[in-house]
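Notes follow once the structure below has been shown.
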Amino acid sequence: MRSNGKLDRFVVIGGGISGLSSAFYLAKEAELRGREAHITVVDPSERIGGKINTLRKDGFVIEKGPDSFLARKTPIIDLAFDLGIQDELTGTNPAAKKTYILHRGKLHPMPPGLVLGIPTEIMPFAKTSLLSWGGKLRAMLDFVLPASKAEGDESVGEFLSRRVGPEVMERIAEPLLAGIYAGDLSKLSLQSTFPQFREAEREHGSLIRGTRASKRKGAAAPAAPNRLPEKLRRSMFLTFKNGLSTMLEALTEALSEAGAESRFGLKAVAFRDNEPGEGQGTATYEVLLSDGEILEADGIVITSPAFNAADLLEPHLQVDALRAIHYVSVANVVMAFDKASFGIDFDGSGFVVPRSEGTTITACTWTSSKWLHASPGDKVLLRCYVGRANDEEVVDLPDAELEEAVRRDIRNVLGITAVPLFTEITRLHRSMPQYPVGHLQATAELRSRLRKEMPGVWVTGAAFDGVGLPDCIRQGKEAAAIVYDAVNK
């Protein structure tokens with residue numbers, strides 16, 4: 001155990017939400033343990049926050065990266081309370097609950113009772129125009145098909161095709177579920193993305209029965225925690241009134257108050273065991289930056305993308321688990337309109353698009369309908385998504401071509417011919433990690449070796465255990481405790 005007079009030095013590699021959360025909770029751990037800590041955050045970007053990026057323009061609140069989070073995932077709400085910004089939270093417009101799916105060029109309302117694409121109410125599912133009668137009957141076979149006895153992982157697409165049939169998988173589940181990862185369901189790990197599906201099959205002998213039971217069990221519970229105001233408790237999604245960058249600004253202030261430093265615009269290119277000599281420090285590791293600076297560290301948290309983390313770790317241990325995580329590039333195209341010339345009043349929050357439709361866009365959020373704070377009352381804001389696994393070339397179209405392709409899609413689907421007041425295009429290259437089959441076991445084995453061979457070094461973030469903001473924050477908090485425990489041994 002280190003003496004209480006010893007300064008604990010930490011380097012956090014990656015300045016996105018995982019890294020900032022790790023740094024924030026390292027400072028909290030130091031305070032709880034009665035320790036003194038010095039924390040340095042390193043990131044090659046010139047700006048803080050990774051993919052989180054709020055543009056505040058002409059009364060609009062525009063998210064150029066993620067735009068919200070699931071209210072039932074509490075780590076981000078806990079962080080908001082820790083930062084004192086809980087009063088900035090806001091929910092979706094209760095009058096915009098409808099979501100649509102594009103099918104054969106037309107929008108079809110999503111059947112009531114769907115949970116992650118799985119039907120829990122039979123009559124609305126039977127009436128939907130999204131599926132053929134053959135597809136509906138095939139889905140009902142889920143009630144009588146035996147549960148698989150196979151152990152181990154499988155792909156989401158394989159599982160859903162096996163339980164509810166390929167039509168439900170392709171027309172309903174794929175655009176809903178793959179949208180979270182911009183992924184190919186035939187390659188995504190079930191254990192790492194939707195493990196509750198396998199649990200439903202095993203416990204209830206049916207995916208539909210199990211999903212229905214889970215829905216009933218949670219029906220009485222609010223979407224968001226009880227400590228939030230009543231108006232937020234029934235909202236499935238939350239964000240901040242002035243954008244997600246509110247959280248970045250609060251984290252920056254909190255880290256500054258804790259004495260943390262940053263090295264933005266610099267890359268951590270390597271780390272090594274420290275071999276202290278006369279006049280040198282006694283930290284366990286040294287982190288080499290791209291400008292030649294060397295940071296001493298008792299603990300290191302690596303939150304950069306898997307391909308960068310692999311480059312750092314490869315000199316020290318086998319990193320096949322990280323190399324197996326491929327990334328998909330996506331973009332979003334946000335368009336602002338004058339409501340007077342727009343010509344449509346939306347009755348929902350947007351629509352998703354199956355691959356079979358052949359459009360450029362993969363989804364469209366009617367942002368000013370879903371989030372009332374996002375635009376002035378006399379304006380309309382749309383956000384369209386492009387790019388997914390096996391369809392990434394579109395992301396790098398020139399701005400004019402990309403905007404025209406997106407406008408053509410919304411003209412064909414929605415009949416919108418109005419000219420945007422302005423358009424914001426954001427390209428997020430290699431931003432969406434794809435969890436391959438076997439991901440959970442492979443990354444657990446990697447971390448086990450890391451604990452044994454490099455105590456005080458930890459790797460975490462969106463590449464490991466969830467891509468959503470709450471998942472990244474949870475992993476950052478867990479990383480802080482794990483690394484501090486190692487440092488204090």
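Under UniProt numbering, think of the first position of the sequence shown as 1, with each following residue one higher.
C-beta atoms are modelled at their ideal positions from N, C-alpha and C, and glycine is treated no differently.
Inclusion of Asn242 and Thr54 in the CB contact set at 9 angstroms is warranted, their separation being smaller than that value.
Proximity to Leu20 across Thr99, Ile473 and Glu151 peaks at Ile473, based on C-alpha coordinates. Remark: three or more beta-carbon pairs, one from each stretch, lie closer than 8 angstroms, so the segment 169–180 and the segment 112–119 are flagged as touching. A Cβ-Cβ separation of about 7 angstroms places Gly16 in contact with Thr303 under the 8 angstroms criterion. The criterion of a C-beta distance shorter than 9 angstroms is satisfied by Val483 and Phe10. Contiguous beta strand (DSSP E) elements confined to the segment 332–368 occur at 348–352 and 361–365, taking only those with 3 or more residues. The three-state reading of DSSP puts Gly113 in coil, since its state is none of H, G, I, E or B. Looking at the DSSP output, Cys384 sits in a beta bridge with Val333 and Cys364.
For Trp133, the enclosing alpha helix (DSSP H) begins and ends at Trp133 to Met140. Shown here, Val319 sits in coil according to DSSP, grouped into three states, outside any helix or strand. The beta carbon of Pro111 sits closer than 6 angstroms to those of Pro124, Phe125 and Thr128, all from its chain and outside the five residues before and after it, given in chain order. For Leu185, no alpha helix (DSSP H) segment is defined, and its DSSP state is neither H nor E. Listed in chain order, the non-local C-beta contacts of Pro109 below 7 angstroms within the same chain comprise Lys98 and Tyr100, local neighbours out to five positions each way being set aside. The shortest CA-to-CA distance from Ile39 to any of Arg263, Thr239 and Arg233 is the one to Arg263. DSSP places Glu392 in no beta strand (DSSP E); its state is neither H nor E. Excluding sequence positions up to five before and after Ala270, its CB lies within less than 8 angstroms of the CB of Val287, Leu288, Leu312 and Pro315, all in the same chain and listed in chain order. For Gly476, the secondary structure class from DSSP, reduced to helix, strand or coil, is helix. A contact is defined here as three or more CB-CB pairs under 8 angstroms, and the segment 445–464 fails this definition with respect to the segment 328–339.
The beta-bridge partner set that DSSP reports for Thr54 consists of Glu63. Ser186 has its alpha-carbon roughly 20 angstroms from the corresponding atom of Ala200. For the options Arg388, Lys379, His373 and Lys267, the alpha carbon positioned closest to that of Arg355 is the one of Arg388. In the assembly as shown, Thr239 is a buried residue. Its beta-carbon has 16 or more other beta-carbons within 10 Å.
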